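What follows is one structure encoded as structure tokens, with my remarks underneath.
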Amino acid sequence: MSQSFLIVQIMIGAVLFLIGYFARRFLAERKIQSAEKKVRDLLEEGERKNETILKEAEREAQRLLYQSRENFEKETEERRQELLTLEKRVLQREENIDRKVEILDKKEKELTENEKVFSQKASVLHKRNQELDTLISEEKSRLSRISSLSPEEAKAILLERMEGDLSQEGQLLIQKMEERVKEESDSKAKRVLALAIGRCAAEYTAESTITVVNLPNDEMKGRIIGKEGRNIRALEALTGVDVVIDDTPESVVLSSFDMLRREVARLALERLIVDGRIHPARIEEVVVRVKQEMDEKIKQEGEQAILEIGCQNVHPEITKLLGRLRYRTSYSQNVLVHLKEVAHLMGVMAAELGEDYHLARRIGLLHDLGKAVSQEVEGTHAIIGGSLARKFGESEIVANAIEAHHGEIDPKSTLAILIQAGDAISASRPGARGETLEAYIRRLQQLESIANSFKGVERSFAIQAGREIRIIVNPEQVNDLEAIALARDIRKRVEGEIEFPGQIKVTVVRETRAVEFAK
């Protein structure tokens, strides 16, 4: 009983041992499988993270690549633009160099021709020197035979005679060369002027002294006139323009010599017509607003002219003055149009002569600057313009050229002389100035007639397009003090008898000459 029980216990223990063994083995395998699964999950998660990181890295790399490509293309485009700009500058410089080379070639040809002439003259002089040497030797021997002079005294006499002959021949040669240089310079000046005129294809339209405003119907005329004429009187008082309402259907005429006032009146009247509210208070409000807008428009006109001519670093006040000249005329020629035309002419002539192209165009644009304030400041527009140029920071070359463009002071540079030619070309084009030829000649004849009517006047000359009258007096009949009084009397006669724009300079010239004739 005890053995069987022991055996049973042993068997139960063995069974339990086996069960525990297999249970532990099963648990161990489950742990191993769980660990392997965790490892696989970690590996899969790591792979997913790696793929995510790789995708993000690829996206970042593509973004950086795209950004780098955009930056590269942008830098390439900027470099391309810089290269195009440089290429344009290089081409322009090449054109300037080509022109200068052509000028140098022409000068070289002229110098070659002059050298040939000089060599021929030198050979002729050499032959004459040889002839003179022969004559001198003959004279020496002859004088030694027929006179009691010593060889040294005879030599001195012959040398003195020879120096006189050579000096005369040298003067003749110099005179011929001066005449030739003058002819060549005249020819070149005519060529430059012809080229400048040919390249300036400017249009011209005469400026009128009236402006016509169209009305929607004739009933609007009564509203413009207003009760007892108060509306039209208010408009005329505020704008300084004559408003003419006649039988012309559906139109009103604005009359004034001041273009700026006419433009203000036109804009104000057109806005009042559109608005429909026409009474003195509304008229004043609209006119004030239009004047403010015109100030801005004047500034824009000046900026546009400066941009068209290519000037830089222009003072804002000069810009405003140029804009005002858009509404100023001279003999019905618009002054701002005239300035731009002269600037183009100056640029062409300066380029042909090798002068500063941009400075020449700047002088052409500013030369009539004084006309913007000539009605407000005493003096001629040339002198006023030079003072304004200095005041607002322009160089002395520009100021002197402005002051000298009508010959009132002496020019100090080549450009100061060119501006006189450019101004004359623009003003003398057919149709550029409204004054007729008959009226112009009549005014010059009146000036000379007044001057010639005074005692002691020998001759008189109206010059500079009638801006100056020069009187030559007899020095035996008019002394220095009487010359001063004569200039004053002629000035009073001119002011009282002749109507003229600007001012006229009266110059009395008195001189004493000693003349002898060698025969």
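For the sequence shown, my numbering begins at -1 and goes up steadily by one.
Idealized CB from N, CA, C, for every residue including glycine.
Just so you know, these numbers come straight off a predicted model, no measurement behind them.
Beta-bridge pairing of residue i - partner residues as DSSP gives them
i	result
residue 6	Residue 6 pairs with nothing; no bridge assigned.
residue 505	468
residue 132	Answer by DSSP bridge pairing: none, since residue 132 is not bridged.
residue 32	Paired residues: none, contrary to the question.
residue 327	332
Straight-line gap, residue i to residue j (C-alpha atoms, nearest Å)
i	j	result
residue 220	residue 286	23 Å
residue 465	residue 504	9 Å
residue 20	residue 30	15 Å
residue 335	residue 298	15 Å
residue 556	residue 309	The structure shown does not extend to residue 556, since the chain is modelled only from -1 through 517, so no value can be given for it.
residue 320	residue 372	13 Å
residue 355	residue 107	25 Å
residue 16	residue 27	16 Å
residue 469	residue 494	19 Å
residue 445	residue 492	7 Å
residue 391	residue 361	13 Å
residue 429	residue 68	In this prediction, residue 429 scores a pLDDT of 41, lower than 50, which makes its location untrustworthy; the coordinate-derived value is nonetheless stated afterwards. Spanning the two alpha carbons is a distance of roughly 58 Å.
residue 471	residue 488	13 Å
residue 271	residue 323	29 Å
residue 204	residue 210	Caution applies to residue 204, whose pLDDT of 47 falls short of 50 and renders its modelled position unreliable; the value that the coordinates give is listed next. About 16 Å.
residue 158	residue 511	32 Å
residue 554	residue 417	Absent from the model: residue 554. The displayed extent of the chain is -1 to 517, so no value can be given.
residue 485	residue 384	26 Å
residue 459	residue 100	42 Å
residue 214	residue 496	45 Å
residue 303	residue 407	28 Å
residue 467	residue 208	34 Å
residue 202	residue 509	Low confidence applies to residue 202: its pLDDT is 47, below 50, so where it sits in the model is not reliable, and the reading given next is rough at best. If you take the alpha carbons of residue 202 and residue 509, they lie about 45 Å apart.
residue 66	residue 273	59 Å
residue 212	residue 441	39 Å
residue 266	residue 351	49 Å
residue 378	residue 498	13 Å
residue 256	residue 296	14 Å
residue 88	residue 79	14 Å
residue 449	residue 455	7 Å
residue 113	residue 177	17 Å
Classification of residue i by the beta-carbon crowding that lies within 10 angstroms, buried from 16 upward
i	result
residue 344	buried
residue 63	exposed
residue 478	exposed
residue 222	buried
residue 36	exposed
residue 13	exposed
residue 332	buried
residue 218	buried
residue 9	exposed
residue 132	exposed
residue 261	buried
residue 135	exposed
residue 216	exposed
residue 4	exposed
residue 328	buried
residue 474	exposed
residue 421	buried
residue 424	buried
residue 124	exposed
residue 56	exposed
residue 44	exposed
residue 359	buried
Opening and closing residue of the beta strand (DSSP E) in which residue i lies
i	result
residue 252	249 to 253
residue 460	455 to 461
residue 293	Careful: residue 293 lies outside any beta strand (DSSP E), inside the alpha helix (DSSP H) at 278 to 307.
residue 212	208 to 212
residue 466	466 to 471
N-terminal and C-terminal residue of the alpha helix (DSSP H) that residue i is part of
i	result
residue 237	228 to 237
residue 219	217 to 223
residue 568	As displayed, the chain neither begins before -1 nor continues past 517, which places residue 568 out of reach and without an answer.
residue 534	Shown here, the chain extends from -1 to 517; a query on residue 534 therefore has no answer.
residue 240	Looking at the DSSP string, residue 240 is not in any alpha helix (DSSP H); the run it does join, the beta strand (DSSP E), is 240 to 242.
residue 480	478 to 495
residue 379	379 to 389
residue 367	It is not in any alpha helix (DSSP H) - residue 367 carries neither H nor E in the DSSP assignment.
residue 316	314 to 322
residue 516	Segment: none, residue 516 is in no alpha helix (DSSP H) and carries neither H nor E.
residue 398	394 to 402
Chain D within 9 Å of residue i, Cβ atoms only
i	result
residue 495	Protein chains in the displayed structure number just one, and chain D is not present.
>> I want to know whether the segment 396 to 415 touches the segment 363 to 380 - three or more CB-CB distances under 8 Å.
In response: yes
> Quick check: the segment 308 to 318 against the segment 241 to 260, are there 3 or more CB pairs under 8 Å?
Replying inline: no
>> Within 8 Å, do at least three Cβ pairs link the segment 229 to 239 to the segment 272 to 289?
In response: yes
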